[in-house]
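Going letter by letter, the sequence shown gives residues 65 to 347 in my numbering. For every residue, glycine included, the Cβ atom is placed at its ideal position computed from N, Cα and C. A short worksheet on the structure shown next.
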Amino acid sequence: MRLNPFAQWLGLAAAALALAACQPEAAPEPGTETPIIIGQEIAFDSAIYGGGRTITVSLPTSYGDGNRRYPVLYLVDGGVQQDFIPMAGMSVLGSLSTQYREFILVGVQTENRYVELTAVSELEDDLRWLPENGGADDYRRHLLDEVKPFIENRYRTSGEDAIIGESLAGLFITETFLRAPDSFDHYIAVSPSLWWRAEGLSHEAADLLAAGGFGGHSLFLTIADEGEDMQTGMDRLVAALEAGAPEDLTWWYQPMHDEHHHTIYNPATLQALRLVFAPDEGD
């Protein structure tokens, strides 16, 4: 799925020419203050959680230009005070640079990410750190049964979607991929916390892959310089994919060991979007 370098250069050159041709808007009067709007925060009632939940939405730059439909990127930990704002910048970058297709960004806020993104664990070490855990199934149902239908009914979606998240969100995404692969088309897991449940998910990966249902999907995995606690589970998962991934599953493992846990998200996102939302031929 790599882009031809010459085609990629042509796309970037075309984008540069288009930007150069744009005429700047007239300068506002001195003292004028105009809000810069990058998206919307939407609150709605959740039957699953029995109360209000919040999502954030950023539409592509070209959304208002016609009737075009767009893929959707669902962002775990997607609140305004979480990862929504930097990811909205990555969305705009796609419009400006044509490195990847434009998409609708939907951030799904977590209220208590430690509970909501973990599968149930009764291991002593996990319980000592997080006595109340195991909310991943509810968060997954919230995503699939409440958020996705709301977005698909309200916006011009193409039917293609992806999900992205880091750390515990990466763990949730990896588990969703392995246990419920038809939930999304593309999965992007950045530095997933595979240490949870004594690396239990990675130990189960081979059997889960053998169960099938992965055709037509894609998985992007990456990890920073996070040490043995994070790396061993990733190595086991990658070994399971190398040994037993279906031929019709597209997957990439691109470790970024020159990055750290707090620096990997943006460079990993850029690389993943170039692959997952690669420009259509002819763009």
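Residue i, buried or exposed, once every other Cβ within 10 Å from all chains shown has been counted against 16
i: residue 190; result: buried
i: residue 147; result: buried
i: residue 336; result: buried
i: residue 345; result: exposed
i: residue 178; result: exposed
i: residue 197; result: buried
i: residue 78; result: Reliability of the predicted coordinates at residue 78 is poor, the pLDDT of 42 falling under 50, and the value obtained from them is presented with this limitation in mind. Per the 10 Å Cβ criterion, exposed.
i: residue 307; result: exposed
i: residue 141; result: buried
i: residue 193; result: exposed
i: residue 241; result: buried
Beta-carbon proximity check, residue i vs residue j, cutoff 8 Å
i: residue 269; j: residue 301; result: yes
i: residue 309; j: residue 285; result: no
i: residue 228; j: residue 221; result: no
i: residue 143; j: residue 121; result: no
i: residue 187; j: residue 262; result: yes
i: residue 249; j: residue 224; result: yes
i: residue 172; j: residue 138; result: yes
i: residue 293; j: residue 259; result: yes
Spatial distance of residue i from residue j (CA atoms)
i: residue 334; j: residue 163; result: 9 Å
i: residue 203; j: residue 282; result: 21 Å
i: residue 183; j: residue 219; result: 31 Å
i: residue 126; j: residue 114; result: 36 Å
i: residue 175; j: residue 110; result: 13 Å
i: residue 340; j: residue 129; result: 24 Å
i: residue 211; j: residue 94; result: 42 Å
i: residue 167; j: residue 208; result: 18 Å
i: residue 101; j: residue 149; result: 11 Å
i: residue 288; j: residue 328; result: 6 Å
i: residue 326; j: residue 277; result: 33 Å
i: residue 319; j: residue 205; result: 30 Å
i: residue 232; j: residue 92; result: 45 Å
i: residue 180; j: residue 90; result: 48 Å
i: residue 332; j: residue 169; result: 17 Å
i: residue 131; j: residue 279; result: 30 Å
i: residue 247; j: residue 296; result: 26 Å
i: residue 185; j: residue 226; result: 27 Å
i: residue 98; j: residue 299; result: 50 Å
i: residue 118; j: residue 145; result: 12 Å
i: residue 253; j: residue 245; result: 14 Å
Alpha helix (DSSP H) segment containing residue i, residue limits
i: residue 144; result: Note, residue 144: premise wrong, no alpha helix (DSSP H); not H, not E.
i: residue 328; result: Here residue 328 belongs to no alpha helix (DSSP H), and DSSP marks it neither H nor E.
i: residue 248; result: Neither: residue 248 is in no alpha helix (DSSP H) and is coded neither H nor E.
i: residue 203; result: 200 to 205
Element boundaries [beta strand (DSSP E), containing residue i]
i: residue 193; result: Element bounds for residue 193: not the beta strand (DSSP E) but the alpha helix (DSSP H), 188 to 193.
i: residue 274; result: Unbroken run through residue 274 is the alpha helix (DSSP H), 260 to 274; no beta strand (DSSP E).
i: residue 342; result: Here residue 342 belongs to no beta strand (DSSP E), and DSSP marks it neither H nor E.
i: residue 107; result: 104 to 110
i: residue 169; result: 168 to 172
i: residue 230; result: 221 to 230
i: residue 121; result: 115 to 122
i: residue 285; result: 282 to 286
i: residue 314; result: 314 to 317
Beta-carbon contacts of residue i that lie in its chain and below 7 Å, excluding the five residues immediately before and after
i: residue 239; result: 183, 200 and 265
i: residue 324; result: 288 and 289
i: residue 338; result: 163 and 164
i: residue 159; result: 124, 125, 126 and 166
i: residue 105; result: 118, 120 and 144
Residues near residue i in its chain [Cβ-Cβ closer than 6 Å; skip 5 each side]
i: residue 256; result: 234, 235 and 238
i: residue 322; result: none
Nonlocal neighbours in the same chain, by C-beta distance under 8 Å from residue i, ignoring five residues either side
i: residue 330; result: 150 and 154
i: residue 304; result: 266, 269, 270 and 273
i: residue 243; result: 272
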